[in-house]
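Novice: Heads up: the sequence shown begins at 17 in the working numbering, then just goes up one per residue. Every residue gets a Cβ at the ideal spot worked out from N, C-alpha and C, and that includes glycine. Predicted model only: the values in this text are computed from it and were never measured. Quick one: the structure is below, and I'll ask about it shortly.
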Amino acid sequence: MTEEPSKRVIIMVIGLNELIKAALAEDIGPADVTTDATVPHDLMGEAWIGTKQEMVLAGISVAERVFKIVDPTIVFERFAMDGEQVPANRRIAAVRGSVRALLIAERVALNLLQRMSGIATLTRQYVEAVAGTGAKIVDTRKTTPGLRALEKYAVTAGGADNHRFGLFDGVLIKDNHIAAAGGIRAAIDGVRISAHHLMKIEVEASNLSEVEEALQAGADVIMLDNMPVEAMMQAVAMAKGMALTEASGNVTLANVREVAATGVDLISVGALTHSAPAADISMKLRVGTPV
C-alpha cells in the first residue's frame, strides 16, 4: 500500500463538507422513502466497497467524509490509498454501522469516488504514455462546476500536475484577450502593470509568428495552441532558455507521446476532467452485528 503524499491530503479542499451536504440534500430531499419503509431503525450491519475494474483510486477520504456526515458513529476502514493502482474485484473499504445511514450515504459516496477514480485512472494512462520524455501532463479548468477542487486533486492522484486553479492564481492570455487588448505585447504590458512581480505570464500562440511576438514581449510560458507537431518543434527551439512551452488542443492518448517528443515542457489535457469515464465501484451490504 502506498503512502499519500502531503499535497494530496483531501482535508485541504475548501468547502468539502458544504459540497457533500449539498449533494446529500439533492439526493435525499425530505426523506429516503425506500429506506424508511424497509429498514428498521436499530438494524446494524456492514458494507464492503469494492472495485469492478482495474483503476487508480482517488477520493477514498471523500467517500469516508460522506458516511461520517450522514452518521458520525459509522466506522470506515480503508484497504487502499489514493494514488494506488487497484485491481478489479478488490475490496477498498469496509463501512460499519446503522444500515439506514449506510444506504442513505451510499450513492453520494460512490458517485464522488467513481468520478474521482475515473479521472485518476485516465490521468495515469496519459502520464505513463509520456514517461521518459521529460514532458509533464497538466489539467485545465474544464471541470465540473462545483467539483473543481476534487477533480484537480484526482489528477494529482493519477500522477499529473495541476495547471492554474482558476482565473485568480495565474495569468493566461488567450486569443480573445489579445484581440481585446490590441495585440500580444499590449496584453502583456497590461498584465505587467496590474499583476504582482511573482505572477508568471502565459500567452497563447497559434503560429510561429505569435510565438516570436510573445517571446519578444517577455512571456514566461508559451501555450502552443493546436499547432502541428513540426511547428511545435520549431517553437520549442525558439523558446529554449527564454520561456517554457505548453502544448494544448486535440491531445489524445493516441498522439500524446508524439506531442511530448517535440520537447515541450507541459501538455495540457482537458479530457482528464471533462471526458474521464467514471470508475466502476460498488457497495455490498451485509446485515447483522458488524464484525
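Does DSSP classify Q69 as helix, strand or coil?
Specialist: Three-state DSSP puts Q69 in coil, outside helix and strand.
Novice: Give a yes or no on whether the C-beta atoms belonging to L73 and V111 are separated by under 8 Å.
Specialist: Going by C-beta atoms, L73 is not nearer than 8 Å to V111.
Novice: Does any residue of chain D bring its CB to less than 8 Å from the CB of G31?
Specialist: Checking the listed chains, one finds no chain D in this structure; it contains a single protein chain.
Novice: Quick one: using the 10 Å Cβ neighbour count with 16 as the cut-off for buried, is T172 buried or exposed?
Specialist: Counting Cβ neighbours within 10 Å, T172 comes out buried, since at least 16 surround it.
Novice: Considering only residues of the same chain and omitting the five flanking positions on each side of K158, which have a CB-CB separation below 7 Å?
Specialist: Closer than 7 Å at the Cβ level, and outside the excluded window around K158, lie G286, T289, H290.
Novice: Report yes if the CB atom of I108 is closer than 8 Å to the CB atom of V86, and no otherwise.
Specialist: Taking 8 Å as the Cβ cut-off, I108 and V86 do not qualify as a contacting pair.
Novice: For a quick check, are the C-beta atoms of V245 and A230 less than 8 Å apart?
Specialist: Contact flag unset, no.
Novice: At 4 residues or longer, what runs of the alpha helix (DSSP H) sit wholly inside the stretch 149-187?
Specialist: Here the runs fully enclosed are 164-173.
Novice: In this structure, does DSSP put I283 in helix, strand or coil?
Specialist: Of the three classes helix, strand and coil, the one that applies to I283 here is strand, per DSSP.
Novice: Here's a check: name, in chain order, each residue in its chain whose Cβ is nearer than 6 Å to the Cβ of G186, leaving out the five neighbours to either side.
Specialist: So the qualifying residues of the chain are R180.
Novice: Of the choices A145, P56, Q130, I90, whose alpha-carbon is the least far from that of V275?
Specialist: Among A145, P56, Q130, I90, the Cα nearest to that of V275 belongs to A145.
Novice: Just how far apart, CA to CA, sit T149 and V252?
Specialist: Looking at the two C-alpha atoms, the distance is approximately 14 Å.
Novice: Our contact map puts G134 next to A295 with C-beta atoms below 8 Å; I'd like the distance itself, whole angstroms only.
Specialist: Contact flag correct, Cβ pair sits at about 4 Å.
Novice: Since A233 is in the beta strand (DSSP E), which residue starts that stretch and which ends it?
Specialist: Neither: A233 is in no beta strand (DSSP E) and is coded neither H nor E.
Novice: What number of angstroms, rounded off, separates the C-alpha of V280 from the C-alpha of T261?
Specialist: Rounded to the nearest angstrom, the two C-alpha atoms are 5 Å apart.
Novice: Just to confirm before moving on: does the CB-CB distance between V143 and A176 stay below 8 Å?
Specialist: The answer is yes: Cβ separation under 8 Å.
Novice: Answer with buried or exposed for V91, where buried requires no fewer than 16 other C-beta atoms within 10 angstroms of its C-beta.
Specialist: Looking at its Cβ environment, which holds fewer than 16 other Cβ atoms inside 10 Å, V91 is exposed.
Novice: To the nearest angstrom, report how far apart S264 and V49 are at their CA atoms.
Specialist: Straight-line Cα distance between these residues: approximately 48 Å.
Novice: Pick helix, strand or coil for A263, following the three-state DSSP scheme.
Specialist: Of the three classes helix, strand and coil, the one that applies to A263 here is strand, per DSSP.
Novice: For R94, which beta-bridge partners are listed by DSSP?
Specialist: According to DSSP, R94 bridges with A109.
Novice: Helix, strand or coil for G304, going by three-state DSSP, please let me know.
Specialist: If DSSP states are grouped into helix, strand and coil, G304 belongs with coil.
Novice: Between the beta-carbon of F83 and the beta-carbon of A125, is there less than 8 Å?
Specialist: Taking 8 Å as the Cβ cut-off, F83 and A125 qualify as a contacting pair.
Novice: With DSSP collapsed to three states, give me the class of D52.
Specialist: Reduced to three states, the DSSP call for D52 is helix.
Novice: Just reading off the beta strand (DSSP E) that V146 is part of, what are its end residues?
Specialist: It is not in any beta strand (DSSP E) - V146 carries neither H nor E in the DSSP assignment.
Novice: Assign D296 to one of three DSSP states: helix, strand, or coil.
Specialist: In this structure, D296 counts as coil in the three-state DSSP scheme.
Novice: Where does the unbroken alpha helix (DSSP H) through E34 begin, and where does it stop?
Specialist: Element bounds for E34: 32-44.
Novice: Applying the criterion that 16 or more other CB atoms from any shown protein chain within 10 Å of the CB defines a buried residue, is L214 buried or exposed?
Specialist: Burial call: exposed.
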